[in-house]
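>
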């Protein structure tokens, strides 16, 4: 069988096809890199209309990544989708706090969910870069903590998917005055959250 | 803020909403569990029309899972999306061969991609349960090996996503006489592949 076997060639050709098919838009060059990568990850052109990239958000994200940071993710899946080679070049790391033992213990001691304990722990440890691809409850928790002055997010990717709370969680997070990229409505997911991180990293390290 | 905080409650309510909104269908009860979980993972009702569940495929998958097996995945992301507690109950494990050192070495020695070396290695080690959520090249490789009698897949999830080779890889795999579940067309992804495995496991262990 004859097929393209080189991953980078596949990606380049895919981005060309997406550009040809996506139709008119008002995205900047940098925004377009993010939008195309989301469509590349999902084969779903609707994301063109669902993505919200707040003005200044890309600059804020790159500023944090350039100095090296710990990226919080709400799932192991989002963490595993983030490119480790690019992270390393940026002296950054990704951590899914929900998998940590001390977080399990906090959740048990206080009778709260691990998702919520994970956000509290990340906030307490000064995490600035938050990535949500799954859990509306975690996103709601970050909103609460931020309003209480207990969390200081400098950049948020809000992309929970689902039918209960997901759309609402993204409406609520947009009320915070924080640089962010969200996927509006029910759609989203860990893969999408991860690929937005990758699109940002690839602007400065690949 | 008032929001549902219990993951199992969220899932149950989500499945109800999906049932209400998905409209008429001809799925069996077991098929419906898979279809609903895919829609739950993506918030995309189009998967109702894209999923192909071959007759007997669910029985074949459950038979393999019941005896305990090693599940091959083409990405770490698919592996990380598969429920570890359910796997453990089934005396099964998941392995993303592409991340293995011996696979890297084979790829380097023979000048082939790691994706292809990973499938070869899995086939040589007698893996029966293959899960593809990303790489059309890996899927094509399994087709080649199966035709050559060098691989013996007993169940395949074919869900690569993308614009170059993904749809074609799924058309080709369907020509094999093997129990399988595929996502037709361009759509798919690691999260979808993983959630199909979970839907199957939850029929016998949760």
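Chains as they are written, first to last, in the working numbering: chain D, 10 to 215; chain G, 10 to 215.
Virtual Cβ for every residue (Gly too), placed ideally from N, Cα, C.
Between residue 205 (chain D) and chain G, is the shortest Cβ-Cβ distance under 8 Å, so that the two count as touching?
No, because no Cβ of chain G sits closer than 8 Å to the Cβ of residue 205 (chain D).
> Enumerate in chain order the residues of its own chain whose CB-to-CB distance from residue 160 (chain D) is below 7 Å, with the five nearest sequence positions on each side excluded.
So the qualifying residues of the chain are 132, 151 and 154.
> Quick one: grab the DSSP three-state call for residue 104 (chain D).
Looking at residue 104 (chain D) - three-state DSSP - the assignment turns out to be strand.
> Give a yes or no on whether the minimum CB-CB distance between residue 127 (chain G) and chain D is below 8 Å.
Chain D contact via Cβ: absent.
> I want to see whether chain G comes within less than 8 Å of residue 49 (chain D), judged by CB atoms only; does it?
So, interface residue.
> Residues in the same chain with beta-carbon distance under 7 Å from residue 208 (chain G), minus the five sequence neighbours each way, listed in chain order, please.
42, 43 and 46, listed in sequence order.
> Look at the alpha carbon of residue 65 (chain D) and the alpha carbon of residue 142 (chain D), and state the distance between them as a whole number of angstroms.
Approximately 21 Å between the Cα atoms of the pair.
> Starting from the beta carbon of residue 170 (chain D), find every residue of chain G whose beta carbon is closer than 8 Å, and list them in chain order.
By Cβ distance, chain G contributes 50, 51 and 52.
> List the residues of chain G that residue 85 (chain D) touches, going by C-beta distances under 7 Å, in chain order.
The contacting residues are 89.
> On a CA-only basis, which of D:19, D:53 and D:70 is nearest residue 138 (chain D)? Give me that one, please.
Selected option, being the one with the closest Cα: D:70.
> Assuming contact is defined by CB atoms lying nearer than 8 Å, are residue 200 (chain G) and residue 198 (chain D) in contact in what I supplied?
The answer is yes: Cβ separation under 8 Å.
> Leaving out five residues before and five after residue 92 (chain G) in sequence, what residues of the same chain have Cβ atoms less than 7 Å from its Cβ?
Closer than 7 Å at Cβ, skipping near neighbours: 207 and 210.
> Give the secondary structure of residue 24 (chain D) by DSSP, where H, G and I count as helix, E and B as strand, and everything else as coil.
Here residue 24 (chain D) sits in helix by DSSP.
> Taking the alpha-carbon positions, what's the residue 144 (chain G) to residue 119 (chain D) distance?
Rounded to whole angstroms, residue 144 (chain G) to residue 119 (chain D) spans 43 Å at the Cα level.
> Which of the residues in the region 19–34 of chain G, read from start to end, lie with their CB under 8 Å from any CB of chain D?
Of all residues in the region 19–34 of chain G, 19, 22, 23, 26 and 27 have a Cβ within less than 8 Å of some Cβ in chain D.
> Give the residues of chain G in contact with residue 130 (chain D), contact being defined as C-beta atoms less than 8 Å apart.
Within 8 Å Cβ-Cβ: nothing; residue 130 (chain D) doesn't reach chain G, min ~17 Å.
> Using CA coordinates, which residue listed in D:87, D:101 and D:84 is at the minimum distance from residue 77 (chain D)?
Per the Cα distances, D:101.
> Leaving out five residues before and five after residue 109 (chain D) in sequence, what residues of the same chain have Cβ atoms less than 8 Å from its Cβ?
Answer for residue 109 (chain D): 127 and 130, listed in chain order.
> Return the residue from the list D:212, D:194 and D:203 that minimises the CA-CA distance to residue 60 (chain D).
Closest option to residue 60 (chain D), Cα to Cα, is D:194.
> Please classify residue 18 (chain D) as buried or exposed, where buried requires at least 16 other C-beta atoms within 10 Å of its C-beta.
The residue is exposed, with fewer than 16 neighbouring Cβ atoms inside 10 Å.
> Could you work out which residues of chain D lie near residue 195 (chain G), taking near to mean beta carbons separated by less than 8 Å?
The contacting residues are 52.
> Write down the C-beta distance between residue 79 (chain D) and residue 105 (chain D) rounded to the nearest angstrom, noting that I regard them as a contact closer than 8 Å.
Not a contact, Cβ separation roughly 11 Å.
> From residue 95 (chain D) to residue 204 (chain G), what distance separates their C-alpha atoms?
Cα to Cα, residue 95 (chain D) sits roughly 27 Å from residue 204 (chain G).
> Beta-carbon of residue 135 (chain D) versus every beta-carbon of chain G: anything under 8 Å?
Cβ-Cβ to chain G under 8 Å: no for residue 135 (chain D).
> Could you list which residues in chain D have their beta carbon closer than 7 Å to that of residue 199 (chain G), in chain order?
The answer, in chain order, is 200.
> Buried or exposed for residue 37 (chain G), please, with buried defined as at least 16 other CB atoms from any protein chain shown within 10 angstroms of its CB.
Per the 10 Å Cβ criterion, exposed.
> Provide the residue(s) that pair with residue 79 (chain D) in DSSP beta bridges, ordered along the chain.
Beta-bridge pairing links residue 79 (chain D) to D:102.
> Evaluate residue 90 (chain G) with the Cβ neighbour count: other Cβ atoms within 10 Å of its Cβ, from every protein chain shown; 16 or more gives buried, anything less gives exposed.
Flag for residue 90 (chain G) reads buried.
> Under a Cβ-count criterion, where at least 16 other Cβ atoms within 10 Å of its own Cβ denotes burial, should residue 9 (chain D) be classed as buried or exposed?
Since the first residue of chain D shown is 10 and the last is 215, residue 9 (chain D) is not available in this structure.
> Would the beta-carbon of residue 162 (chain D) fall within 8 Å of that of residue 63 (chain D)?
Not closer than 8 Å, so no.
> Helix or strand or just coil, what does DSSP make of residue 121 (chain D)?
Of the three classes helix, strand and coil, the one that applies to residue 121 (chain D) here is coil, per DSSP.
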